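Have a look at the structure below before the remarks.
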Amino acid sequence: MTTADDKHLVPDDSLFRQLVDAAPDPMVGADRHGRIVFVNGQAERLFGYGRDELIGQPIEVLVPDDLAQAHREMRERYFANAVHRAMGGGEPLRARRKDGVVFPAEISLSGLRTDSGLIVSAAVRDISDRLRAEAERVRLREEADRAALQAQLLRTQRMESLGQLAGGVAHDFNNLLAVIVNYAAFISDSADEQHPAGDGPEMWAEVRQDAQQIMRAARRGGDLTRQLLAFARQEVVRPQAVDWATVVHGVEDMLRRSIGEHITLSITCGGDCGPIMADPGQLEQVLVNLAVNARDAMPGGGTLSIETDSVMVDGDHVTHGPAIKPGEYARLRVSDTGTGMPREVVDRIFEPFFTTKAPGQGTGLGLAMVYGIVTGAAGTVTVCSEEGVGTTFSILLPVTDQRPTTARPAEPRLDQLAGHGETVLLVEDEPSLRQVCRRLLDTSGYQVLAPNDAAAAVELADRHPGSIDLLLTDVVMPTMLGTALAERVTAKRAGTKVLFMSGYATPFLATHGTLDPANTLLEKPFTRRELLTAVHQALAG
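Mapping to the numbering used here: the sequence shown position 26 is 34, numbers consecutive.
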C-alpha cells in the first residue's frame with residue numbers, strides 16, 4: 009500500500025520486481041484495460057506460461073469471467089486505497105493453466121496505485137489438494153456413519169430375532185409358572201387352615217415354608233421371563249407421568265443395601281428435570297440393574313454416582329448420535345469408579361446373554377433389559393467407559409407435558425372380589441392351567457364352564473341354556489385364536505364380556521395382529537388376587 013508521500017511503484021521497477029518474485033504465492037497484475045503487466049516466478053510455474061507469454065495478454069487468459077468481472081468492477085470504482093477480496097469463504101473460483109486444465113483457486117485481489125494508474129494484483133492459490141483432502145474426510149466420515157448404521161441395524165435385527173424367540177418361550181414358561189405358583193398357594197392355604205389330630209403345628213409350619221419357597225422360586229422365574237420380554241420390548245408396560253427424582257429416591261434404600269457399605273452412593277437430582285412418561289416399576293429395574301452392574305465393577309470399593317438433569321437435544325445430536333427426535337429430555341447418569349471396560353466389551357454390552365462374569369454369577373440379561381426398557385420408552389442409552397477409570401451410563405427419555413400423580417387406589421380384599429354365581433366360559437389349551445383357573449374361580453363364587461379347546465367352547469356356547477357372563481380365554485391356541493373365538497361367541501351372545509389371558513405381552517400381540525390394544529389382557533403368570541381382580545373388573549365393564 010502506498011500513500012501520496014510514497015514513491016509510486018511501476019511495473020518495471022527493479023525493487024518492485026524483487027518483492028513480487030519473493031512473494032510465496034503466485035501473483036499476477038493487470039492494468040486498467042485488463043492487460044497483464046506483471047507476473048512472478050510462482051505464477052509462471054503454476055500456470056505453465058513464461059513471463060513474456062503473459063505480459064500484455066488479457067486477464068481472461070488465466071481466469072474465467074468471474075475473476076475478470078471482479079477486476080472490471082475494481083477498475084471502474086478506481087479504489088484510492090488497497091482493496092482486498094478473499095475468495096476462500098464460498099465456492100472456489102476457477103483458474104486455467106496453459107494446457108487448458110481448469111483448477112479450483114482461492115484468489116485475493118488488491119488495488120495498487122501507480123504513476124500509470126490502478127494496477128489490480130491477484131494472489132492465486134491452487135486449492136486442489138485442500139479440496140481433495142476435504143472430500144476424503146467427508147468420504148471417510150460417510151463410510152463411518154454407514155458402518156455405524158449397519159452395526160445398529162444388525163444389532164436391531166438380532167434383538168428382534170431374540171425377541172421373537174423370547175415371546176414363544178415366555179408363553180409356555182408362563183403357563184407353567186402360573187400352575188406352580190397357584191398350586192404352591194393352595195398348599196400354603198391348606199397349611200394355614202388345617203391341623204389334623206395327631207399332627208403338631210410344627211409339621212404344617214414346614215409345609216407352609218416349603219410352599220413359600222416354591223412360590224419365591226416361581227416369582228424368580230417370572231422375573232427372568234420379564235427380563236427376556238423387557239429387552240425385546242414385549243413386556244406389558246403401564247406408563248405414567250413420573251420424574252426421575254421420585255424414582256431414584258424411591259429405591260435409594262434398596263440401592264444402598266444392594267451395593268454394600270464399601271461403596272459410597274452419591275445422588276444429585278437436578279430441580280429442573282421434567283417428568284417423563286414411563287412405567288415406574290421398569291425405571292426402578294433400570295436403576296437396580298445399573299447399580300448392581302457398577303457394584304460388580306468395584307469389588308474393592310469406590311463411588312457410585314447417580315445424577316439427573318434436563319438437556320435439550322438438537323439436530324446435530326440427532327445426526328451424529330443415537331436416532332432420537334430433537335427436543336427436551338430428562339437425563340439419568342449412573343457413573344462408577346470401577347475397573348472400566350475395553351472397547352470390544354462396550355460394543356457388546358447390551359447384547360442379551362453376553363456377560364464377562366464367571367459362570368453362575370450373571371445371566372447377561374440385566375443390561376439387555378435396561379436397553380429394552382429405555383428404547384421402549386422412546387429414549388436412548390449410551391455408555392462411556394475407560395479401563396482403570398470407570399463407566400458412565402447415560403439415559404435420555406423425552407419430557408412429557410403431563411404431571412406426575414402420587415395417589416394409588418386402595419387394593420380390595422379377596423372377599424370383595426368374590427363372584428355371585430356368574431357364569432364364566434373358561435378356554436385354556438394347557439390342561440393343568442385350565443384346572444388351576446377352574447379351581448380358583450369355583451372357590452370364589454363363580455360357575456365355570458371349562459371345555460377342552462376352542463372348538464368345544466363354540467359348541468358349548470351354542471347349546472348352553474343359561475347366560476354366559478364372561479368369556480375368559482387364552483389368546484394364542486393351536487386350533488383357534490382367542491380373538492376369533494371371542495367374535496363367534498359374542499356374535500350370538502352380545503351380552504357376554506370378554507377377558508383375554510396370555511403369556512405373550514400386550515405390545516407383541518398388538519404388533520402381530522392377534523389382539524386389539526383396546527382389549528384387556530391378564531398377563532401370565534398370575535396369582536389368585538390378580539385373576540379375581542381382572543374377572544371382577546371385566547364383569548363390571
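Glycine included, every Cβ here is placed at the ideal spot set by N, Cα and C. Bear in mind the structure is a predicted one, so any value in this text is a computation, not a measurement.
Beta-carbon within less than 6 Å of L441's beta-carbon, same chain only, minus the 5 sequence neighbours each way: which residues are those?
Along the sequence shown, read from residue 1 onward, the residue named residue 441 stands at position 433. Excluding sequence neighbours, L441 sits near N183, A186, V187.
Give me whichever residues DSSP pairs with G37 in a beta bridge.
Position 29 of the sequence shown, counted from the start, is the residue given in the question as residue 37. G37 pairs with F46, S129.
Whose C-beta lies closer than 6 Å to the C-beta of P34 among residues of the same chain, with five residues either side of it excluded?
The residue you call residue 34 lines up with position 26 of the sequence shown. Excluding positions up to five away in sequence, the list reads Q50, A51, L54, V132.
Pick out whichever of G427, D461, A458 has its Cα sitting closest to the Cα of A542.
Stepping through the sequence shown from its first residue, residue 542 is reached at position 534. Measuring from the Cα of A542, the nearest candidate turns out to be G427.
I want to know whether the segment 496-503 touches the segment 527-544 - three or more CB-CB distances under 8 Å.
Judged by Cβ distances under 8 Å, the segment 496-503 makes no contact with the segment 527-544, as fewer than three pairs qualify.
Taking the alpha helix (DSSP H) that S266 belongs to, which residues open and close that run?
Stepping through the sequence shown from its first residue, residue 266 is reached at position 258. 260-267 is the extent of the alpha helix (DSSP H) around S266.
Scan the segment 375-461 and note each continuous beta strand (DSSP E) run of 3 residues or more that stays entirely inside, going in chain order.
For the segment 375-461, whole beta strand (DSSP E) runs of length 3 or above, ordered along the chain, are 388-394, 398-406, 431-435, 455-457.
For P32, count the other beta carbons within 10 Å of its own beta carbon; 16 or more makes it buried, fewer makes it exposed. Which is it?
Taking the sequence shown and counting its residues from 1, one reaches residue 32 at position 24. Under the 10 Å beta carbon count, P32 is surrounded by fewer than 16 other beta carbons and is classified as exposed.
Residue range of the beta strand (DSSP E) that Q290 falls in?
For the purposes of this step, residue 290 is taken as residue 282 along the sequence shown, with counting starting at 1. Careful: Q290 lies outside any beta strand (DSSP E), inside the alpha helix (DSSP H) at 288-304.
For L273, which residues of its own chain have a beta-carbon under 7 Å away from its beta-carbon, when the five flanking residues on both sides are left out?
What you label residue 273 is simply residue 265 of the sequence shown in a count that begins at 1. Within the same chain, L273 has close Cβ partners L263, R264, I267, L312.
Using only alpha-carbon positions, find the residue among I275, G229, A219, A155 that is nearest to A192.
Counting from 1 along the sequence shown, the entry for residue 192 is found at position 184. Checking every option, the nearest Cα to that of A192 belongs to A219.
Using three-state DSSP, classify V71 as helix, strand or coil.
The residue labelled residue 71 in the question sits at position 63 within the sequence shown. Reduced to three states, the DSSP call for V71 is coil.
In the DSSP assignment, find the alpha helix (DSSP H) that holds T541 and state where it starts and stops.
Along the sequence shown, one-based indexing puts residue 541 at 533. Here the alpha helix (DSSP H) through T541 covers 536-548.
Is the distance from the Cβ of Q290 to the Cβ of A385 below 9 Å?
Position 282 of the sequence shown, counting from 1, holds the residue named residue 290. Position 377 of the sequence shown, counting from 1, holds the residue named residue 385. It is a contact, given that the beta carbons lie within the stated cut-off.
For P283 versus T408, is the C-beta distance shorter than 9 Å?
Translated into the one-based positions of the sequence shown, residue 283 becomes position 275. Translated into the one-based positions of the sequence shown, residue 408 becomes position 400. A contact, by the Cβ cut-off of 9 Å.
Give the range of the beta strand (DSSP E) segment to which L120 is assigned.
For the purposes of this step, residue 120 is taken as residue 112 along the sequence shown, with counting starting at 1. Per DSSP, the unbroken beta strand (DSSP E) holding L120 starts and ends at 110-122.
CB-CB under 6 Å to I195, same chain, minus the five flanking residues each way: which ones, in chain order?
By one-based count along the sequence shown, residue 195 stands at place 187. Correct list, in chain order: A219.
Taking the CB atoms as reference points, tell me whether G64 and D107 lie closer together than 9 Å.
Along the sequence shown, one-based indexing puts residue 64 at 56. Along the sequence shown, one-based indexing puts residue 107 at 99. No, these two residues do not count as a Cβ contact at 9 Å.
Taking the alpha carbon of L214 as the reference point, which residue from D197, L529, G230, L162 has its own alpha carbon closest?
Here residue 214 refers to the residue found at position 206 when the sequence shown is read from its first residue. First, the amino acid is wrong: residue 214 is Glu here, not Leu. Among D197, L529, G230, L162, the Cα nearest to that of E214 belongs to D197.
Using a Cβ-Cβ cut-off of 9 Å, state whether S198 counts as contacting chain D.
Here chain D cannot be found, since the structure has a single protein chain.
Give the DSSP-derived three-state secondary structure of T498 in the structure shown.
Translated into positions along the sequence shown, residue 498 becomes position 490. Of the three classes helix, strand and coil, the one that applies to T498 here is helix, per DSSP.
Which value, in whole angstroms, describes the spacing of the CA atoms of Q165 and E352?
Residue 165 sits at position 157 when you count from the first residue of the sequence shown. Residue 352 sits at position 344 when you count from the first residue of the sequence shown. Distance between the alpha carbons of Q165 and E352: 20 Å.
So, with DSSP's three-state summary, where would you put V189?
By 1-based counting over the sequence shown, the position of residue 189 is 181. Looking at V189 - three-state DSSP - the assignment turns out to be helix.
Output the distance between the C-alpha atoms of V36 and V110, rounded to the nearest integer angstrom.
Locating residue 36 in the sequence shown gives position 28, where the first residue counts as 1. Locating residue 110 in the sequence shown gives position 102, where the first residue counts as 1. A direct Cα-Cα distance of roughly 17 Å separates V36 from V110.
From what residue to what residue does the beta strand (DSSP E) around L62 run?
Working through the sequence shown from its first residue, we reach residue 62 at position 54. No beta strand (DSSP E) contains L62, which is instead part of the alpha helix (DSSP H) from 59-62.
On the criterion of 16 or more Cβ atoms from any shown chain inside 10 Å, does P100 qualify as buried, or is it exposed?
On the sequence shown, position 92 is the one that residue 100 refers to. So P100 ends up on the buried side.
How far does the alpha helix (DSSP H) with R351 in it extend, from its first residue to its last?
One-based indexing of the sequence shown puts residue 351 at position 343. Segment 351-354, the alpha helix (DSSP H) holding R351.
Based on Cα-Cα distance, which residue from V466, D450, A299 lies nearest to R341?
Against the sequence shown, residue 341 aligns to sequence position 333. Minimum Cα distance to R341 is reached at A299.
For V506, is the classification buried or exposed, using 16 other Cβ atoms within 10 angstroms of its Cβ as the cut-off for buried?
Translated into positions along the sequence shown, residue 506 becomes position 498. Its Cβ being crowded by 16 or more others within 10 Å, V506 is buried.
Could you give the DSSP three-state label for F55: helix, strand or coil?
Along the sequence shown, read from residue 1 onward, the residue named residue 55 stands at position 47. Correct three-state label for F55: helix.
How many angstroms separate the CA atom of G125 from the CA atom of L62?
Here residue 125 corresponds to residue number 117 of the sequence shown, with the count starting at 1. Here residue 62 corresponds to residue number 54 of the sequence shown, with the count starting at 1. So the two alpha carbons sit approximately 20 Å from each other.
How would you call S343, buried or exposed, if buried means at least 16 neighbouring beta carbons within 10 angstroms?
Here residue 343 refers to the residue found at position 335 when the sequence shown is read from its first residue. Buried, since its Cβ has 16 or more Cβ neighbours within 10 Å.
For K500, does the count of other Cβ atoms within 10 angstroms reach 16, so buried, or fall short, so exposed?
The residue given as residue 500 occupies position 492 in the sequence shown. Label assigned to K500: exposed.
Taking T528 as the reference, give the member of A458, T254, M349, V483 with the closest Cα.
By 1-based counting over the sequence shown, the position of residue 528 is 520. When each option's Cα is compared against that of T528, the closest is V483.
For T400 and A159, I'd like the C-alpha separation in whole angstroms.
Here residue 400 corresponds to residue number 392 of the sequence shown, with the count starting at 1. Here residue 159 corresponds to residue number 151 of the sequence shown, with the count starting at 1. Each residue's alpha carbon lies about 22 Å from the other.
Output needed for G278: all residues of its chain with C-beta closer than 7 Å, excluding positions within five of it in sequence on either side, in chain order.
On the sequence shown, position 270 is the one that residue 278 refers to. T316, D317, S318.
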